[in-house]
Each structure stands twice: as C-alpha cells, then as structure tokens.
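First residue of the sequence shown: 179, per this note's numbering; consecutive thereafter.
Here the structure comes first, spelled out in structure tokens, and everything after it is commentary.
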Amino acid sequence: MTVVLIRLSLSAAIMFVVSKVIGKLQAVKKSDLGLLILLSFFEPFLYFMGESFGLKYVSPTVAAVIVATIPLFSPFAAWYFYKEKLSWTNFTGLLVSFFGCSLVVFDLSSGLAASPLGIALEFVAVLSTIGYAVVLKRMTTSYNGFTIIAYQNLFGAFMFLPFWGIFEAKEALATPFSAEAFSAIIKLAVFASILAFIFFTYSIRKIGINKSNMFINVIPVFVAIFSFFVLDETINSQKITGITVVILGLFMAQFKRKKRWEWKLSSITSAKS
C-alpha cells in the first residue's frame with residue numbers, strides 16, 4: 179500500500195505540472211466531480227484493494243487467470259450502458275484469447291485450488307475494472323486523458339491515505355530510504371500510472387470498452403517474454419502455444435466483418451482501377 183500511495187502521489191504531481199505546462203489541464207465542472215471520484219474509487223482504489231488483498235489468499239497464477247476474465251464480462255456492461263455490439267467472431271476471439279492466457283499463466287503441475295475469499299477479492303478487482311471502463315467512457319466525452327488521469331490519481335491517493343495511516347504508516351516511516359526502491363516507484367508512476375492509463379483512455383474513446391479491455395490478456399504474454407529476457411526464466415512449449423493463441427484471439431476479437439454489399443462494392447472498385 180505504501181508503494182501504491184507514493185506512486186499515485188508522484189504520478190498526480192507529475193500529471194498536474196505537465197498538463198498545466200502543455201495546456202492540457204481542463205477545468206472540471208462541479209457536476210462531474212462525482213463521476214471523477216467514482217472513477218478513482220473503481221481504479222486505482224478498489225482494483226488495488228481487491229487484487230493486493232486477494233493475493234494474500236491465492237497464487238499469482240490464480241489471480242492472473244481471474245483478471246483475464248475481464249474481457250469476457252466487459253461486453254455485458256458495454257451493451258447495457260452504451261449498446262456496444264460484439265459479433266460472434268469477436269466474442270469467439272475473446273474466448274480464444276482467454277484460453278491462451280490461461281495456458282501462459284497456468285501450471286499443470288500445481289492446479290488452481292484456491293481460497294474462496296481470495297477468489298472473491300480478485301473478482302472485486304475484475305468488477306472494479308469493468309466499472310472503471312464504463313465511467314471512463316462517459317468522461318472521455320468531456321475531458322482529455324491528461325485531465326482525467328491527473329484527477330484520478332490525485333483522488334486515488336487520498337482514498338488510500340487513511341488505510342495507509344492505519345495499516346502501514348508506522349512501519350513505512352521506520353524504513354530507511356532506498357534510492358533503488360524509489361527509482362523503481364518513479365518508473366511505476368510514469369509508465370504504469372500515467373502512460374498506461376493515458377493510452378487506455380485514448381483507446382476507450384476510439385475503439386470502445388470491449389476491444390480495449392481485450393488487450394488485458396496480452397499482459398501475461400509480455401510478462402512471460404520480459405521474464406525470459408530479463409529474469410532468465412524459461413518459456414516452455416505450453417507458454418509458446420498460449421502466446422500464439424492469445425495473439426490469434428486478439429486478431430479475431432478486433433476483426434470487423436464487412437457486410438455483403440460492402441464486399442461487392444470493394445470488388446467493383448478494385449476491378450475498375
């Protein structure tokens with residue numbers, strides 16, 4: 179929780195300064211403050227609470243598989259709130275990608291036995307991500323990514339503050355400063371709390387909730403690849419198969435089928451040229 183609080187505080191400070199300097203910081207209407215607070219409640223607050231406390235009861239593998247279900251539940255929320263449609267090809271792609279993601283993170287020798295409480299907490303993280311995407315979609319119609327992320331991280335830091343004060347403040351304040359650890363937190367603030375969320379905000383605005391959340395299943399793929407190059411972990415045939423299946427599922431999920439008359443028109447145009 180200490181790392182998250184410092185990370186959010188740093189990212190909020192950076193975002194407000196940078197957004198102000200480049201002229202991207204917008205004034206927030208009073209009527210929208212409630213939505214911004216709700217956005218921050220879903221993510222980062224509720225997501226990190228569910229995920230971090232859930233990991234006390236389940237393995238990272240189980241947590242990764244549960245988080246990979248986000249794209250499977252997103253279509254229901256996207257349809258209910260925004261009438262986003264998903265073709266059967268797209269939905270099949272979601273299922274294929276989930277299967278591939280499971281292959282990447284699932285160890286056949288260890289199984290998936292886990293605490294019901296841990297599973298419930300991880301699903302809190304899943305639902306909070308979906309809620310975040312729904313509110314974010316609404317916010318992108320009025321505000322740019324810089325403004326949204328600046329306030330999101332600021333409000334998120336304030337939400338974590340009382341819990342940090344109760345559970346970790348005494349221990350954290352007694353811990354000596356580590357330049358190496360602080361450097362890692364700065365990188366988390368810049369790449370995970372700023373750039374990742376700005377890009378996600380842009381994708382929500384351009385391609386919608388379903389197709390944006392689909393890319394969550396790529397996270398274990400990159401973790402496996404970077405672990406191979408940076409941490410010298412092995413990538414076995416099961417993980418290679420899983421990575422391939424995830425990518426195949428992504429292509430299927432992003433595929434937009436043309437109507438028959440569009441194909442015919444395209445063929446006529448090509449023939450004339």
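Every residue gets a Cβ at the ideal spot worked out from N, C-alpha and C, and that includes glycine.
Counting C-beta pairs closer than 8 Å gives fewer than three between the stretch 332-343 and the stretch 248-264, which falls short of the contact rule. Secondary structure note for Met227: its alpha helix (DSSP H) is the uninterrupted segment 225-232. Pairing Gly296 with Lys234, the inter-Cα distance amounts to about 7 Å. Here the stretch 241-248 does not lie against the stretch 359-366, with fewer than 3 beta-carbon pairs under 8 Å apart. Using a 10 angstroms sphere on the CB of Ala335, the tally of other CB atoms reaches 16 or more, which defines it as buried. Residue environment: Ala367 is assigned as buried (16 or more neighbouring CB atoms within 10 Å of its CB, all protein chains considered). In the three-state scheme derived from DSSP, where H, G and I count as helix and E and B as strand, Met179 is classed as coil.
Taking Arg383 as the centre and dropping the five residues before and after it, the same chain places the C-beta of Thr318 closer than 7 Å to its C-beta, in chain order.
Rounded to whole angstroms, the separation of the alpha carbons of Phe404 and Leu250 is 26 Å. Excluding sequence positions up to five before and after Ser189, its CB lies within less than 6 Å of the CB of Asn331, Ala367, Ser371, Ile372, all in the same chain and listed in chain order. The alpha-carbon separation between Pro238 and Tyr380 amounts to approximately 29 Å. Excluding its 5 nearest sequence neighbours in each direction, Met392 has C-beta neighbours in its own chain below 6 Å: Pro249, Ala431, listed in chain order. Looking from the CA of Phe254, the closest CA among Tyr225, Ala311, Gly420 belongs to Ala311.
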